Structure formats: structure tokens, C-alpha cells
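Following the working numbering, the numbering of the sequence shown begins with 1 at its first residue and continues without gaps.
Backbone N, C-alpha and C define an ideal beta-carbon position, used for all residues, glycine too.
Being a predicted model, the structure only gives us computed values, none of them experimental.
Data block below; observations after.
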Amino acid sequence: MKVKDAWYFNYTQKESEILQPDMAVPESHVGIYCEFEELVFPISFHILGMCKGEVVFDKDIMAFGNGDDADISLRKSGYGAVFKIREDKDCEPDMLRVIYEAGGKSETFETECKYYTFSGQVSDFDGKPFPAVVMLYRYGFDAAPFIMGTWTDLNGRYSLRVPAGSYNAIYSDDNSYGISSLECWGWNIIADRDEVIDLKIGNGEVYSLNVSVNNGGVQTLFLTFRPMVYFKKEEYDTVVGEEKVHITDVAPEIAKEDVTVYVNGRKTDVISLQKLYEASPDGLHLPMYMVQIPREMHPDCLDKQTVVLEYDTKDRGNGRACSRGFTQFFYKDGFCTR
């Protein structure tokens with residue numbers, strides 16, 4: 001077992017600011033990410049948090065691998081695991097030291113800590129404020145205890161102080177999820193500066209938005225995503241390539257004119273829109289789309305890129321389907337890096 005990352009999330013909202021406590025209540029905590037060939041329990045952790053040379057917390061805790069308790073939770077996926085250790089100090093430590101022991105071996109992990117602020121507004125597709133929770137997955141894709149987040153105010157405005165680093169996803173919604181709304185998702189979020197992130201809630205989702213670069217041929221970027229709406233689920237068979245497959249279809253039918261893409265706030269052309277299918281190892285097939293946009297970037301933006309993709313079918317077809325999603329990547333010296 002090797003600890004690869006550690007962080008402290010300081011949740012500061014008052015109880016009265018949690019708009020829907022039945023949906024989500026974020027918590028202050030120490031997070032520890034490790035990789036392993038085999039997890040051997042028990043695991044002892046000694047966690048030291050420092051701020052400007054002073055100790056802000058000094059904690060010993062054991063993980064037994066037999067489920068969550070009031071002080072520690074564990075989630076595993078493949079050869080990675082995240083431990084959440086509850087701690088409620090109102091502070092931002094600038095250094096974390098984790099001494100851990102398992103199977104008779106003891107090691108130390110130490111990291112400097114930085115913090116940045118994400119802020120903005122959550123609204124709907126009619127431009128109205130949408131009070132909601134805003135949550136971040138640092139690793140993986142699991143239950144609410146492992147998420148960092150905050151609630152907006154009644155005008156949909158939020159401010160979220162987060163540890164520096166990369167996050168698998170950010171999302172926002174309220175308890176109308178699956179009834180009249182679905183979540184707004186952002187993918188591969190990079191906390192390396194204070195940033196304004198506005199989220200937009202519709203009745204659909206832009207799921208698993210990803211960017212890839214065409215390094216040969218025409219100079220373009222490919223955006224792939226899987227859209228879905230809460231009011232549709234159809235099952236049918238079709239032929240993909242030369243293979244007959246079974247489709248589970250929760251996606252709206254999207255046309256090229258329904259799609260709008262922004263790169264760092266600038267609207268860009270949509271060159272093409274193609275319908276594809278995402279396939280799982282167990283044979284599940286779901287409709288997805290690939291959007292092609294120009295690759296060239298503005299000279300003042302040769303750094304972190306934020307790509308926002310929206311679709312809005314207005315009232316065409318079987319009712320309006322709309323959502324916003326976004327993702328981030330780096331563009332340096334003429335090349336895209338992830």
C-alpha cells in the first residue's frame with residue numbers, strides 16, 4: 001500500500017444554509033488516497049496537520065476494513081482506495097503528514113497544501129436562479145460521504161473553497177433530480193487557481209464529456225459525450241457495424257443545430273455531430289455523440305482550457321431536452337495535454 005495523495009476539506013456553512021439536508025450535507029474531513037496490490041488490515045494512521053508552523057490537528061485512527069463508522073469511511077475501486085477521516089477543525093493546513101502502518105510496515109507521506117475558490121451561479125435554461133448543491137468528486141465516483149461541496153444561496157450563488165488538485169467530476173442539482181431535472185456535470189476539473197464556474201440545470205445531462213485531439217490530418221478537437229433525459233427509456237435492437245446489439249436508450253435525439261460549444265468563454269464552430277454507441281463489457285449499449293470543433297486556440301489562452309457544451313432541442317420532437325456540461329484540459333506549445 002502506498003499513499004499517493006492527502007488533503008483537508010474545510011466545510012464552513014451553517015446548518016441554516018443547507019437548503020435540503022435530506023439530499024446532501026457535506027462534512028469537513030481529511031482525505032487519503034492510496035494504491036495497493038492488496039489492502040492488509042488493520043491499518044493505523046497518524047495524521048498531522050500544520051499551519052504556519054503550528055499544529056492544527058494531530059490524530060490517530062485505525063481502519064479495520066469492516067465497514068464505515070462515525071470516524072472513518074473507506075471506498076475501494078480496483079487497486080485504489082479513498083479513506084475519509086472526519087475532522088472538524090476550522091482551518092486550512094498548509095502541510096499534511098500521514099504516517100501509516102499495515103502488515104508490519106510503516107511509511108510516511110507528506111504534502112504541501114494549497115486551496116482555491118470555485119464560485120459562480122447555478123441557473124436553469126430559462127435564466128432563472130436554481131438553488132442547489134455543488135459537489136466535487138476528487139477520486140472515483142462513489143457515495144456522498146466522499147464528496148466535497150456546498151449549497152448555493154437562494155439566488156443560486158455559491159462559493160466553494162477546495163484543496164488544489166485534479167477532480168474527477170463536479171455536479172449540481174437539487175432534490176428535483178429525476179422528477180423535473182437532471183444534473184449539470186463537469187469532468188476532469190483542475191483546481192489550480194480561483195475560478196468562476198457557472199452551472200446550468202436542465203432536464204438532461206451531458207455525461208462523460210471528454211476531449212481528444214486529432215494530431216494528424218485536419219486540426220480539430222473531438223468531444224464525446226453521452227446525453228440523457230429523465231423522461232425517456234427505450235429498449236430495442238439495432239445493428240452496429242455488422243453486429244446486432246441491444247440498445248438501452250435514455251438519450252434525446254440531438255441535431256447539429258441543437259449543440260453550442262464554448263472554449264474559454266468564446267463560442268466556436270460545430271463542424272460535425274455524429275451519433276455513436278457506448279458499449280460495456282457485459283453488452284450494454286447506450287447512444288452517445290461525437291462533436292468535432294476547430295482545434296486552433298486564441299494566443300491569450302495557451303494554458304488551461306475549459307470547454308462548455310450545451311444542447312437544447314427547444315420544442316422540436318417529443319419535447320424540449322436541454323443540458324450543459326464542461327471539461328478542462330491543458331493546451332501548451334500547440335499541443336493538448338491531459
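{"query": "One or two residues paired with residue 104 in a DSSP bridge", "result": "Answer is none; residue 104 lacks a bridge partner."}
{"query": "Unbroken beta strand (DSSP E) run spanning residue 339, endpoints", "result": "The shown model of the chain, from 1 to 338, leaves out residue 339, and the question about it has no answer."}
{"query": "Residues bridged to residue 287 [DSSP beta-bridge criterion]", "result": "277"}
{"query": "Where residue 44 sits in the DSSP three-state scheme", "result": "strand"}
{"query": "Residue 88 beta carbon less than 8 angstroms from that of residue 28", "result": "yes"}
{"query": "Ranges of the beta strand (DSSP E) found wholly within the region 137 to 220, counting only runs of at least 3", "result": "147 to 151, 157 to 163, 165 to 173, 184 to 191, 199 to 201, 204 to 213"}
{"query": "Nonlocal neighbours in the same chain, by C-beta distance under 8 angstroms from residue 202, ignoring five residues either side", "result": "124, 125, 181, 182, 184, 312, 321, 322, 323, 324"}
{"query": "For residue 107 and residue 100, believed in contact at Cβ under 8 angstroms, the rounded distance", "result": "6 angstroms"}
{"query": "Three-state secondary structure (DSSP) of residue 323", "result": "strand"}
{"query": "Alpha carbon of residue 59 to alpha carbon of residue 292, nearest angstrom", "result": "50 angstroms"}
{"query": "Three-state secondary structure (DSSP) of residue 4", "result": "strand"}
{"query": "CB contact flag (residue 160, residue 134, <8 angstroms)", "result": "yes"}
{"query": "Collapsed DSSP secondary structure at residue 256 in the structure displayed", "result": "helix"}
{"query": "Unbroken beta strand (DSSP E) run spanning residue 76, endpoints", "result": "72 to 77"}
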